[in-house]
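*Asks:* Keeping their order, the protein sequence lines are chains A and B. Residue numbers for the first sequence follow the UniProt record's numbering, beginning at 1 and rising by one. Residue numbers for the second sequence follow the UniProt record's numbering, beginning at 1 and rising by one.
Protein chains: 2
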Amino acid sequence: MKIMPSNPADLSAQIAQSIRDAILAGRLLVGERLPSESELAEQFSVSRPTVREALKRLAAQNLIRTQRGATGGAFVNHLSYEEAHNQQITTSTLLLSMNAISFDVACEARYALERACAPLSAQRRTDAHLKSLRAEIGTQSEPDLPDEAFCASDVAFHRALVDAAGNPVLSYQLAGAVEAMQPLMNMITFTARSRVRIIGLHSQIADALERSDAAATDASLLRLESYTRDLGRDVLAARAKG
Amino acid sequence: MKIMPSNPADLSAQIAQSIRDAILAGRLLVGERLPSESELAEQFSVSRPTVREALKRLAAQNLIRTQRGATGGAFVNHLSYEEAHNQQITTSTLLLSMNAISFDVACEARYALERACAPLSAQRRTDAHLKSLRAEIGTQSEPDLPDEAFCASDVAFHRALVDAAGNPVLSYQLAGAVEAMQPLMNMITFTARSRVRIIGLHSQIADALERSDAAATDASLLRLESYTRDLGRDVLAARAKG
DNA sequence: GATTTTCATATGTCTTACAATTAGGATTTG
DNA sequence: CAAATCCTAATTGTAAGACATATGAAAATC
Chain A
1 MKIMPSNPAD LSAQIAQSIR DAILAGRLLV GERLPSESEL AEQFSVSRPT VREALKRLAA
61 QNLIRTQRGA TGGAFVNHLS YEEAHNQQIT TSTLLLSMNA ISFDVACEAR YALERACAPL
121 SAQRRTDAHL KSLRAEIGTQ SEPDLPDEAF CASDVAFHRA LVDAAGNPVL SYQLAGAVEA
181 MQPLMNMITF TARSRVRIIG LHSQIADALE RSDAAATDAS LLRLESYTRD LGRDVLAARA
241 KG
Chain B
1 MKIMPSNPAD LSAQIAQSIR DAILAGRLLV GERLPSESEL AEQFSVSRPT VREALKRLAA
61 QNLIRTQRGA TGGAFVNHLS YEEAHNQQIT TSTLLLSMNA ISFDVACEAR YALERACAPL
121 SAQRRTDAHL KSLRAEIGTQ SEPDLPDEAF CASDVAFHRA LVDAAGNPVL SYQLAGAVEA
181 MQPLMNMITF TARSRVRIIG LHSQIADALE RSDAAATDAS LLRLESYTRD LGRDVLAARA
241 KG
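1) Is Arg57(B) closer than 8 Å to Ala59(A) when the C-beta atoms are compared?
2) Run through chain A and tell me which residues come within less than 8 Å of Val162(B), C-beta to C-beta.
3) Is Lys241(A) close to chain B? Criterion is C-beta to C-beta, closer than 8 Å.
4) Name the chain A residues that come within less than 7 Å of Ala116(B), Cβ to Cβ?
5) Closer than 9 Å, Cβ to any Cβ of chain A: which residues of the region 12-35 of chain B, in chain order?
6) Starting from Phe44(A), trace the beta strand (DSSP E) in both directions and tell me its first and last residue.
7) Tell me Arg33(A)'s beta-bridge partners as DSSP assigns them.
8) Could you spell out the range, first to last residue, of the beta strand (DSSP E) harbouring Ile19(B)?
9) Where does the unbroken alpha helix (DSSP H) through Arg233(B) begin, and where does it stop?
10) For Gln88(B), return the contacting residues in chain A, with the cut-off set at a CB-CB distance below 8 Å.
11) So, Ala118(B) versus Thr228(B), is the Cβ gap smaller than 8 Å?
12) Check whether the region 124-131 of chain A touches the region 199-215 of chain A, counting contact only when three or more Cβ pairs, one atom from each stretch, lie closer than 8 Å.
13) His78(B) CB to nearest chain A CB: under 8 Å?
14) When we look at the beta-carbon of Lys2(A) and count the other beta-carbons within 10 Å, is it buried (16 or more) or exposed?
15) Can you tell me where the alpha helix (DSSP H) holding Gln61(B) begins and where it ends?
16) So the candidates are Ala25(B), Met181(B), Ala54(B); which of them puts its Cα closest to the Cα of Leu170(A)?
17) Looking only at its own chain, which residues have a Cβ that is under 6 Å from the Cβ of Gly166(A), when we skip the five neighbours before and after it?
18) What residues in its chain sit with their C-beta under 6 Å from that of Leu224(A), if we drop five residues either side in the sequence?
19) Rounded to the nearest angstrom, what separates Leu231(B) and Ala16(B) at their Cα positions?
20) Are the C-beta of Gln61(A) and some C-beta of chain B separated by less than 8 Å?
21) Rounded to whole angstroms, what's the CA-CA distance from Leu63(B) to Leu95(A)? Just pull it up for me.
22) CB Ala70(A) to CB Ala116(B), shorter than 8 Å?
23) Would you kindly report the start and end of the unbroken alpha helix (DSSP H) that includes Ser194(A)?
24) Ile199(A): which of Ala215(A), Asp163(A), Gly138(A) sits nearest, CA to CA?
25) Quick check: the Cα distance between Leu130(B) and Asp213(B), rounded to an integer number of angstroms?
26) Does the Cβ-Cβ distance between Leu113(A) and Leu120(B) come in under 8 Å?
27) In chain order, what residues of the same chain have a beta carbon less than 8 Å from the beta carbon of Tyr172(B), not counting five sequence neighbours either side?
28) For chain A, is any of its Cβ atoms less than 8 Å away from the one on Asn186(B)?
29) 8 Å is my cut-off, CB to CB: does Ala84(B) come that close to chain A?
30) Going by beta carbon distance, what residues of the same chain come within less than 7 Å of Ser194(B), once the five residues before and after it are set aside?
31) Identify whether Thr126(A) lies in helix, strand or coil by the three-state DSSP scheme.
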């Protein structure tokens, strides 16, 4: 009969949670300096190593950053989109790799999310976004481009598409999802023929965005989704046989 | 001239990264036991406290779990959707609170994401999903329901809507986004009149899902988005005045 | 006044020790 | 012989103290 949602033990975890709560509740503001490790140790009535373990936990979540020296210490970190984004990619990548997600399910999720911002992108895309999209299409057209570079450019293309929506929250959420899928995408070998098709669809998307045509953008994305999922099925079927 | 993408210092961070890489690369499989802290200390030529700090970093990311006792140690954790989900909520919540995201931008992102899975939900919803949705509508209809409970039920409603899409990757991504917005939603006071309107729109959504009518689901969601954003604008405007 | 030196303070790391927990084997007991 | 008990070894959790190192600021010096 030991249920305990989370063991009451682990002082360092408790302390970390306590400080985390203080940050979430606004009792510790961004940029503010935490008490020194010795002071924290005294406050919580634990030893300094225990406090340090707690601080490392928070540092691993980018909640605090530490600085050495006379005026050093632990400071409440300003969580940037960049950092949050990286964390999300790490988590999502692990999740996908550990839960045997099928290519098909992941693909469906990815394109559903992307199509969510297609209307916004069509409405708000700037010339800079169009230029990025065209540049990636150019990269993808290079002959002798390795599969991984092709996939990376594909990710960059879709990242630009998402960014064109001009909503940073959306970009943060979607870019994480798209990038986490890259390892799965890398498993697919893109033949010359399939590349031509994908590039064609990418061009359709770019054209539709240029015209600010939301419906056409969505339709092109749908075609790309359908084609990508077919491709994935074929590759997996071939692998199962051969 | 001290650029250094990331300080070469911080042994515990290096060790954590090293182990993290091993897990990502598959050199350490799920469930596998890491060497004991003493052995790790020897392998990396550092002291045990340093190793422990590294392990705490990994534990904070749910990458490992530790167990005491004779056969204890650190084990590579199976990252569940649940854990990944919680992490994402924590990160997203912090991100939103620290970056002064406007209610409007967050709302736009949230509904864009939700509308992404509306067609899938309309297609795949089960009776159980419908029952959950109706139950939440019932909760929301209770008189004297505090604002926070109303918001919580709102989150649960949208969570059920997302789950109805039957894609766990999508659920993981979206539920995080929706729940992270709850603190922002809680800032809004819902009048009796606005509740009636929201409940009406929720009913429209449930009805459309029951009919498996994707277009109607999307249209209802769009109306709900529009109304919610109007409401947010009004509340903020009133707050600015009074 | 500008430069160098010193110093105080804080984190980073090591060492050693002990407490707590747990599995499995040894021992005792019925 | 079987079962319950105890013991032991291994491992994490925590503590205390020491030294190393970095860094900003004050003090001394030119």
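Every residue gets a Cβ at the ideal spot worked out from N, C-alpha and C, and that includes glycine.
*Replies:* The short version:
1) Here residue 59(A) corresponds to residue number 59 of the first sequence, with the count starting at 1. Here residue 57(B) corresponds to residue number 57 of the second sequence, with the count starting at 1. Contact flag set, yes.
2) The residue labelled residue 162(B) in the question sits at position 162 within the second sequence. None at all; the shortest Cβ gap to chain A is about 11 Å.
3) Translated into the one-based positions of the first sequence, residue 241(A) becomes position 241. So no, Lys241(A) is outside the interface.
4) In the second sequence, counting from the first residue as 1, residue 116(B) sits at position 116. In chain order, Ala112, Leu113, Arg115, Ala116 make up the part of chain A whose C-beta sits under 7 Å from the C-beta of Ala116(B).
5) Ser12, Ala13, Ala16, Arg20, Ile23, Leu24, Gly26, Val30
6) Walking along the first sequence from the start, residue 44(A) turns up at place 44. Careful: Phe44(A) lies outside any beta strand (DSSP E), inside the alpha helix (DSSP H) at 37-44.
7) For the purposes of this step, residue 33(A) is taken as residue 33 along the first sequence, with counting starting at 1. According to DSSP, which records beta bridges pairwise, Arg33(A) is partnered with Phe75(A).
8) As a first step, residue 19(B) must be located in the second sequence, where it is residue number 19. Under the DSSP assignment, Ile19(B) falls outside any beta strand (DSSP E), being part of the alpha helix (DSSP H) whose first and last residues are 11-24.
9) As a first step, residue 233(B) must be located in the second sequence, where it is residue number 233. Element bounds for Arg233(B): 214-241.
10) The residue labelled residue 88(B) in the question sits at position 88 within the second sequence. Within chain A, the residues near Gln88(B) are Gln88, Thr91.
11) As a first step, residue 118(B) must be located in the second sequence, where it is residue number 118. As a first step, residue 228(B) must be located in the second sequence, where it is residue number 228. Contact flag unset, no.
12) yes
13) On the second sequence, position 78 is the one that residue 78(B) refers to. Cβ-Cβ to chain A under 8 Å: yes for His78(B).
14) As a first step, residue 2(A) must be located in the first sequence, where it is residue number 2. Reliability of the predicted coordinates at Lys2(A) is poor, the pLDDT of 34 falling under 50, and the value obtained from them is presented with this limitation in mind. Classification for Lys2(A): exposed.
15) Position 61 of the second sequence holds residue 61(B). Premise fails: Gln61(B) is in no alpha helix (DSSP H) and is neither H nor E.
16) Position 170 of the first sequence, counted from the start, is the residue given in the question as residue 170(A). Nearest of Ala25(B), Met181(B), Ala54(B) to Leu170(A), Cα basis: Met181(B).
17) As a first step, residue 166(A) must be located in the first sequence, where it is residue number 166. Contacts found: Arg124.
18) Numbered from its first residue, the first sequence carries residue 224(A) at position 224. Hits under 6 Å: Leu201.
19) Mapped onto the second sequence, residue 231(B) falls at position 231. Mapped onto the second sequence, residue 16(B) falls at position 16. Each residue's Cα considered, the two are about 46 Å apart.
20) Position 61 of the first sequence, counted from the first residue, corresponds to residue 61(A). At least one CB of chain B lies nearer than 8 Å to the CB of Gln61(A).
21) Counting from 1 along the second sequence, the entry for residue 63(B) is found at position 63. Counting from 1 along the first sequence, the entry for residue 95(A) is found at position 95. Taking the straight line from one Cα to the other gives about 10 Å.
22) The sequence position of residue 70(A) within the first sequence is 70, counting from 1. The sequence position of residue 116(B) within the second sequence is 116, counting from 1. For Ala70(A) and Ala116(B), no; Cβs fall outside 8 Å.
23) Taking the first sequence and counting its residues from 1, one reaches residue 194(A) at position 194. Where Ser194(A) is concerned, the enclosing alpha helix (DSSP H) stretches over 192-210.
24) Taking the first sequence and counting its residues from 1, the one referred to as residue 199(A) is at position 199. Ile199(A) has its Cα closest to that of Gly138(A), out of Ala215(A), Asp163(A), Gly138(A).
25) Here residue 130(B) is taken as the residue at index 130 of the second sequence, counted from 1. Here residue 213(B) is taken as the residue at index 213 of the second sequence, counted from 1. Rounded to the nearest angstrom, the two C-alpha atoms are 13 Å apart.
26) Locating residue 113(A) in the first sequence gives position 113, counting from the first residue. Locating residue 120(B) in the second sequence gives position 120, counting from the first residue. No. Outside cutoff.
27) Within the second sequence, the letter at position 172 stands for residue 172(B). Excluding sequence neighbours, Tyr172(B) sits near Tyr81, Ala84, His85, Gln88.
28) Position 186 of the second sequence, counting from 1, holds the residue named residue 186(B). Using a CB distance cut-off of 8 Å, Asn186(B) does not count as an interface residue toward chain A.
29) Numbered from its first residue, the second sequence carries residue 84(B) at position 84. Using a CB distance cut-off of 8 Å, Ala84(B) counts as an interface residue toward chain A.
30) On the second sequence, residue 194(B) is found 194 positions in, with the first residue counted as 1. Within the same chain, Ser194(B) has close Cβ partners Leu231.
31) Residue 126(A) sits at position 126 when you count from the first residue of the first sequence. Three-state result, Thr126(A): coil.
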